[in-house]
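**Student:**
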Amino acid sequence: MRKIAIIGNGISGISAARHLRKLGNDEITVISGETDHFFSRTALMYIYMGHMEYQHTKPYEDWFWEQNNIKLVRNWVKEIQVSQKTLLFQDGRTMAYDILVLATGSRSNKFGWPGQDLPGVQGLYSYQDLELMEQNTKDITQAVIIGGGLIGVEMAEMLLSRDIGVTFLIREKEFWDIVLPPEEASLIGRHIEEHHIDLRKQTELKEILAGEDGRVRAVVTNENQEIPCQFVGLTVGVSPNINLVKESSIETNRGILVNEYLETNIPDIYAVGDCAEFRVPLANRRPIEQVWYTGRMQGETVARTISAHKTAYVPGIWFNSAKFFDIEYQTYGHVWNQLRDNENQFYWEHSDGKKCIKFVFDDQSKTLLGVNSFGIRLRHQILDQWLREKRELPYVMKHLAKANFDPELYSRYEHEIVTSFNHTFPDMAVPIKKKGILASLFS
Amino acid sequence: MKIIQSVGLVMFLAGFAIFIGSFFTAHYRITDEILGNSTTETENALIQEYGEDMLDHNFATSYTLISQLSGLFEQINQELLNTYSFTSDELQALANRAMEQGGMFSLANVEQVIGADSEAASFKLKSFQDYGSWLDQRQYENQQALFQDLQNVAENIRLYGIINQKGFDRYRIKDLKFQLAKAAGNGPVSRNPWLFLGLTYGLCIIGAMMYILPKRKLDGPPGIKNNNIFFSAMKNKGWLGILTGTFLIVFYVLLYYFPEYMTNWIIMVDPISQILKGSDAGRFFLYGFIYTLCILVMGIRMIIKYRHSKYQMIRTASVMFFQTAFAFLIPEILLRLNKPYFDFKNIWPLDYDFFFDNELQTLIDSGSLGIFMLVWGIVLILVAVPVLVYFFGKRWYCSWVCGCGGLAETLGDPYRQLSDKSLKAWKIERWMIHAVLVFAVVMTGGVLYTYFTGSGQVFGLSTYAVRETYGAWIGAGFAGVVGTGFYPLMGNRVWCRFGCPLAAYLGMVQRFKSRFRITTNGGQCISCGNCSTYCEMGIDVRWYAQRGQNIIRSSCVGCGICSAVCPRGVLNLENAPESGRLNEPILIGNDSFKIQA
Ligand SMILES: Cc1cc2nc3c(=O)[nH]c(=O)nc-3n(C[C@H](O)[C@H](O)[C@H](O)COP(=O)(O)OP(=O)(O)OC[C@H]3O[C@@H](n4cnc5c(N)ncnc54)[C@H](O)[C@@H]3O)c2cc1C
Ligand code: SF4
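The structure is reproduced here in structure tokens:
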């Protein structure tokens, strides 16, 4: 029985622990300074908005850990003594390990703006951030958010739920256009504005000003405009949380460097999730993957390697999802913010300007490379299959109805989409057919 | 807009306050005429004799009237018992005589001991023949044994003979208290029922609409509207929720057990009852009326809240329709046409008295329409349930048609997040709901046994006692008081989840033979917990979703809210081929190895 220590009780650390337990009977200890139990970081916004309470965000009931013989330790690790295989805690305690898994996640970026550490200025990553935000936004009326990414738009939605006015400064020309192609970026931009958010594009933060009470009073933009506010949300991305290992002999770059087996340079030490950086990125993927799903998959995979089924991390077809206020977004395969050389696209947008779908395909072979969908749910299994099987676009169009995952009775748009496709690409046109109600009852 | 809302809220509260206030606004006086209208001649005579001082007396509250009435009925019954019971001396005399005749008891002796010269004596004689004929020509060893048997007969006569034939049994007492209180009441409500109808229901409905309709604009673009729910004193078991729950519980207790106190509320809806069925309202007319209004008003709220979801809008319209037409209007209109009261969408064993002898008799006596109703009811149980659940899941009933479901999905929607999601709750749920199903089946079995054999006893149990227990504890207590009263405390499906025997039956079909499932969308779940939180049935949806498994649970009523609130489009209610329905947990996206949860 080996002693396995996992630092971090987020999705990566917990996935590793759960799968380690399935595969063996090692002594497993999960350590975190943030909360006693695993909770869903992605649900932080819903606690603030009153959709849920903290307890609802815990994916497993509290008895689950004891029942599965997974020890939980609430503490901050201060130092890893690599040569002694020992962890040193903030309160002076120590813990020996045979195997160590680092799953320390991320922390919010700050770029050295004047005033970025004033009271009332903060990012949103941890549960403590959420508590701070609760205090910082009590009885205020105006907030400014810097940086238009996923966490930024979530923060805007959070503040709005408390009737706090939001000015949203983004550096880019359109919302999140470093990831989204222009059509989709502008669709989301419009929706954000529909929610009465003052979206200031191509605007950067210059400094944050303090009031007499020492708290934030206003921000100044790169155009020297002063925007009064009582709260500033800094949501300019996250980076791997590697403070703990920086001083140790574990190699880091931006993140903790790992190979495809999620092994660091030190034997018996692994890193997974947001904090890990691949020495050699996988094809078409970033060296640091900062999403829930990849954290989960890396945790699952490292558990196998540690349990003597050495397994390389081979993620399947890329997918991701998000929600921007009322508009859901799903993506499968690769849709870059600009078409690459060999690529072509078909884009359809509904007349209400809130739903759209984009297919990116190889211009030569016509095979599907990626899909972006806004306001229409797609079936993961089908898209995964089509991308894997390298289906050509006419095939995709012909079977589009199969990919729909919207609730029953919703309006369906395949007809409109395929018609528009036939119109745009007459050489690839496909017949349009309708299915009877009876047939669907028995299919 | 906000002003309209505030005015609406004030109007609603005013209407509600008048409704509550009207409870106390009458004084009561039983006149000869009222008494004559509500009682038979003998009853009338008894009340005249013993309750003289009550008649034409003014009572300031219903409470004093009813407690006096209770006392009166008790007194009359006691007097009757004194008059018509066998005395201990008489029994002793009977026993002595039999012993003198060699230990053989003979019915003929009774007349010799009691005589037949008075009305009381002939009643005694008659009742002894009814209850004690089995003693005739019996041989006894000793006097004690005989005396014992005689006492038993006398006791049965006291319990079942005298009160039932001469006095007021408890059903009659309940009925008379209600009728007399309703007729005797005199106050602003009984003088102006229309005015009060307007001041209460009218104000409440208009107020509620003024509060609800502007949400269409105020709440922003269509989408999930769950902001601040857990900060709300109403929706998260705060003082408002507790107050509302208390009101509902008190209302149900009055309705089921003490309707005589709520006569003012019933008088208010007399005019509506007159229009619909041509006679005055009873307590269940009032209940049906309020119930339907709640579903309609809160249904409109539901439709506005979920206006981004066609599934929710159509589903809500469906429960509004079935309640209004099938549960409320059609049965009342049937009564007006002198046909049996019948709710065409209510299914045994939820409709637990469907097979009661009096109900069956009514149907059978009502000609071809009655027979059609009987057959229809049985076809629903035996054919509609399995076939429709096979194709659509139990939702076709529970969240599209059923009245209990209808109320839960409309009035109860603000409380859906309060259901308990723990594994423990699930265990309790399975025990309880199946126990109620067994109870319902046994109870109905007994009822049918009695219907066909005429015997009221099975295995020493009275089938009447069993059905009465079921009616009081399950039909009224569980389904009503707990089922609805606990909305603000335990969520809106307490009854459907823990108690409804029909749900248990539908659920078994759904679990084992159905095309319905909630499909989990590959590996897209982020474990946020919205689905589980808003599941009114307390299903831990996330448990399945985060492992890539379809959700197949007997309790799922298919309301579709999990799918609506999921921010990542993970869940979809579907009817599809059975293969692959009960899938292995598979999370798409990791090719490192074959990943199972
Ligand atoms: C607001 C928000 C919304 C998001 N929404 C989405 C989304 O919709 N979809 C998506 O795919 N991704 C989303 N993400 C990203 C996703 O949450 C992360 O990718 C994921 O949680 C990373 O998991 P992890 O286990 O690697 O790290 P974490 O969840 O960050 O867990 C690391 C844990 O380790 C603890 N820790 C770190 N150092 C120490 C130490 N020295 N001692 C003790 N404990 C330590 C931390 O306190 C933390 O509890 C979101 C992130 C945020 C902040
Ligand atoms: S609401 Fe959706 S994303 Fe959240 S836990 Fe449920 S299925 Fe997963």
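Heads up: the sequence lines are chains F and U, in that order. Counting from 1 along the first sequence, just add 13 to a position and that's the residue number in this note's numbering. Counting from 1 along the second sequence, just add 4 to a position and that's the residue number in this note's numbering. Think of the CB as a built atom: it goes at the ideal place given N, C-alpha and C, for glycine as much as any other residue.
Name the chain U residues whose beta carbon is nearer than 7 Å to that of F:L132?
**Tutor:** The residue you call residue 132 of chain F lines up with position 119 of the first sequence. The amino acid at residue 132 of chain F is misidentified as Leu; the sequence shows Pro. Ordered by position in chain U, no residue passes the 7 Å Cβ test against F:P132, which lies about 24 Å from the chain.
**Student:** Taking beta-carbon pairs under 8 Å, can you tell me which members of the region 32-58 of chain F lie near chain U?
**Tutor:** S53, T55, A56
**Student:** Compute the Euclidean distance between the alpha carbons of F:C242 and U:C208, then round it to the nearest angstrom.
**Tutor:** Working through the first sequence from its first residue, we reach residue 242 of chain F at position 229. Working through the second sequence from its first residue, we reach residue 208 of chain U at position 204. Taking the straight line joining both Cα atoms gives about 42 Å.
**Student:** Assuming the contact rule is C-beta atoms closer than 8 Å, F:S261 and F:I159 should be a hit. Round their C-beta distance to whole Å, please.
**Tutor:** Working through the first sequence from its first residue, we reach residue 261 of chain F at position 248. Working through the first sequence from its first residue, we reach residue 159 of chain F at position 146. F:S261 to F:I159, Cβ: 33 Å. No contact.
**Student:** Any heavy atom of ligand 1 closer than 8 Å to the beta-carbon of F:I20?
**Tutor:** Position 7 of the first sequence, counted from the first residue, corresponds to residue 20 of chain F. Yes; taking the cut-off as 8 Å, the Cβ of F:I20 has a heavy atom of ligand 1 nearer than that.
**Student:** Less than 7 Å between C-beta atoms, sequence neighbours within five positions excluded: which residues of the same chain meet that for U:L1?
**Tutor:** Examination of residue 1 of chain U is not possible in this model, given that chain U is present from 5 through 601 alone.
**Student:** Sorry if obvious, but does the Cβ on F:N333 come closer than 8 Å to a heavy atom of ligand 1?
**Tutor:** Here residue 333 of chain F refers to the residue found at position 320 of the first sequence. Yes, Cβ of F:N333 sits closer than 8 Å to a heavy atom of ligand 1.
**Student:** Tell me the residue span of the alpha helix (DSSP H) that contains F:P253.
**Tutor:** Counting from one through the first sequence, the residue named residue 253 of chain F turns up at place 240. Segment 251-253 is the beta strand (DSSP E) holding F:P253; no alpha helix (DSSP H) there.
**Student:** Does the beta carbon of U:V545 fall short of 8 Å from some heavy atom of ligand 2?
**Tutor:** In the second sequence, the residue the question calls residue 545 of chain U occupies position 541. At least one heavy atom of ligand 2 sits closer than 8 Å to the Cβ of U:V545.
**Student:** Please report whether the beta-carbon of F:Y306 lies at a distance below 9 Å from any beta-carbon of chain U.
**Tutor:** Position 293 of the first sequence, counting from 1, holds the residue named residue 306 of chain F. So yes, F:Y306 belongs to the interface.
**Student:** Name the residue from U:L95, U:D140, U:F127, U:S122 whose alpha carbon lies nearest to the alpha carbon of U:A158.
**Tutor:** Residue mapping note: residue 158 of chain U aligns to position 154 of the second sequence, counting from 1. It is U:L95.
**Student:** Beta carbon of F:I60: closer than 8 Å to some heavy atom of ligand 2?
**Tutor:** Walking along the first sequence from the start, residue 60 of chain F turns up at place 47. The answer is no for F:I60.
**Student:** Using a Cβ-Cβ distance under 9 Å, would U:K349 count as near chain F?
**Tutor:** For this step, residue 349 of chain U is matched to residue 345 along the second sequence. Output row for U:K349: interface = no.
**Student:** Quick check: does the Cβ of U:G533 come within less than 8 Å of any heavy atom belonging to ligand 2?
**Tutor:** For the purposes of this step, residue 533 of chain U is identified with residue 529 of the second sequence, where counting begins at 1. For ligand 2, at least one heavy atom lies less than 8 Å from the Cβ of U:G533.
**Student:** Using a Cβ cut-off of 8 Å, pull out every chain F residue sitting near U:G227, in sequence order please.
**Tutor:** Working through the second sequence from its first residue, we reach residue 227 of chain U at position 223. The contacting residues are F338, D339.
**Student:** Looking at U:F399: is its Cβ nearer than 9 Å to the Cβ of U:C563?
**Tutor:** The count along the second sequence starts at 1 and reaches residue 399 of chain U at position 395. The count along the second sequence starts at 1 and reaches residue 563 of chain U at position 559. Sequence check: residue 399 of chain U is Arg here, not Phe. The answer is yes: Cβ separation under 9 Å.
**Student:** For F:A321, which three-state DSSP category applies?
**Tutor:** One-based indexing of the first sequence puts residue 321 of chain F at position 308. Three-state DSSP puts F:A321 in coil, outside helix and strand.
**Student:** What are the start and end residues of each continuous alpha helix (DSSP H) run of 4 or more residues lying completely inside the region 212-256 of chain U, in chain order?
**Tutor:** Counting only runs of at least 4 residues, the region 212-256 of chain U fully encloses the following alpha helix (DSSP H) elements, listed from N- to C-terminal order: 219-222.
**Student:** Along chain U, in chain order, which residues have C-beta atoms closer than 7 Å to that of F:L422?
**Tutor:** Here residue 422 of chain F is taken as the residue at index 409 of the first sequence, counted from 1. Ordered by position in chain U, the residues that pass the 7 Å Cβ test against F:L422 are K314, Y315, I318.
**Student:** Could you round the C-beta distance between F:I370 and F:L113 to whole angstroms and report it? I think they count as a contact, below 8 Å.
**Tutor:** Start at 1 with the first residue of the first sequence, and residue 370 of chain F comes out as number 357. Start at 1 with the first residue of the first sequence, and residue 113 of chain F comes out as number 100. No, F:I370 and F:L113 are not in contact; Cβ-Cβ is about 45 Å, not under 8 Å.
**Student:** Can you tell me which of the three DSSP states U:L180 falls into?
**Tutor:** Position 176 of the second sequence holds residue 180 of chain U. The answer is helix: DSSP assigns U:L180 an H, G or I state.
**Student:** Can you name the residues of chain U whose CB is closer than 8 Å to the CB of F:Y326?
**Tutor:** Translated into positions along the first sequence, residue 326 of chain F becomes position 313. Below the 8 Å Cβ cutoff, chain U contributes S596 as neighbours of F:Y326, in chain order.
**Student:** Please report whether the beta-carbon of F:L400 lies at a distance below 9 Å from any beta-carbon of chain U.
**Tutor:** What you label residue 400 of chain F is simply residue 387 of the first sequence in a count that begins at 1. With 9 Å as the cut-off, F:L400 does not count as an interface residue toward chain U.
**Student:** Hey, would you say U:G602 sits closer than 9 Å to U:G19, going by beta carbons?
**Tutor:** The first residue shown for chain U is 5 and the last is 601, placing residue 602 of chain U beyond what the model contains.
**Student:** Just how far apart, CA to CA, sit F:N81 and F:D75?
**Tutor:** Sequence index remark: in the first sequence, residue 81 of chain F carries index 68 (1-based). Sequence index remark: in the first sequence, residue 75 of chain F carries index 62 (1-based). If you take the alpha carbons of F:N81 and F:D75, they lie about 11 Å apart.
**Student:** Have a look at U:Q105 and U:Y256 and give me their C-alpha separation to the nearest angstrom.
**Tutor:** Taking the first residue of the second sequence as position 1, residue 105 of chain U is located at position 101. Taking the first residue of the second sequence as position 1, residue 256 of chain U is located at position 252. Rounded to the nearest angstrom, the two C-alpha atoms are 60 Å apart.
**Student:** Go to U:S110, then tell me how far its alpha helix (DSSP H) extends in each direction, as first and last residue.
**Tutor:** Here the question's residue 110 of chain U lines up with position 106 in the second sequence. Note, U:S110: premise wrong, no alpha helix (DSSP H); not H, not E.
**Student:** Which residue marks the beginning of the beta strand (DSSP E) containing F:P241, and which one marks its end?
**Tutor:** For this step, residue 241 of chain F is matched to residue 228 along the first sequence. Run containing F:P241: 239-241, per the beta strand (DSSP E) assignment.
**Student:** If you draw a straight line from the alpha carbon of F:D190 to that of F:A198, how long is it in whole angstroms?
**Tutor:** For this step, residue 190 of chain F is matched to residue 177 along the first sequence. For this step, residue 198 of chain F is matched to residue 185 along the first sequence. Going from the Cα of F:D190 to the Cα of F:A198 covers about 6 Å.
**Student:** Where do the ends of the beta strand (DSSP E) carrying U:Q528 lie?
**Tutor:** Locating residue 528 of chain U in the second sequence gives position 524, counting from the first residue. From DSSP, U:Q528 is part of no beta strand (DSSP E); its letter is neither H nor E.
**Student:** Does the beta-carbon of F:N149 have 16 or more other beta-carbons within 10 angstroms, so that it is buried, or is it exposed?
**Tutor:** The residue you call residue 149 of chain F lines up with position 136 of the first sequence. Buried.
**Student:** Pull out every residue of the region 414-442 of chain U whose Cβ sits closer than 7 Å to any Cβ of chain F, in chain order.
**Tutor:** S426, L427
**Student:** Contact between the region 341-353 of chain F and the region 385-402 of chain F is defined here as three or more beta-carbon pairs at a separation below 8 Å; is this criterion met?
**Tutor:** yes
**Student:** Indicate whether F:K71 and F:S45 have their beta-carbon atoms separated by less than 9 Å.
**Tutor:** Mapped onto the first sequence, residue 71 of chain F falls at position 58. Mapped onto the first sequence, residue 45 of chain F falls at position 32. Not in contact: F:K71 and F:S45 (Cβ atoms no closer than 9 Å).
**Student:** Rounded to a whole number of angstroms, what is the C-alpha to C-alpha distance between U:V462 and U:V446?
**Tutor:** Here residue 462 of chain U refers to the residue found at position 458 of the second sequence. Here residue 446 of chain U refers to the residue found at position 442 of the second sequence. Each residue's alpha carbon lies about 11 Å from the other.
**Student:** Using the beta-carbon of each residue, which ones in chain U are nearer than 8 Å to F:T314?
**Tutor:** What you label residue 314 of chain F is simply residue 301 of the first sequence in a count that begins at 1. In chain order: N594, S596, F597.
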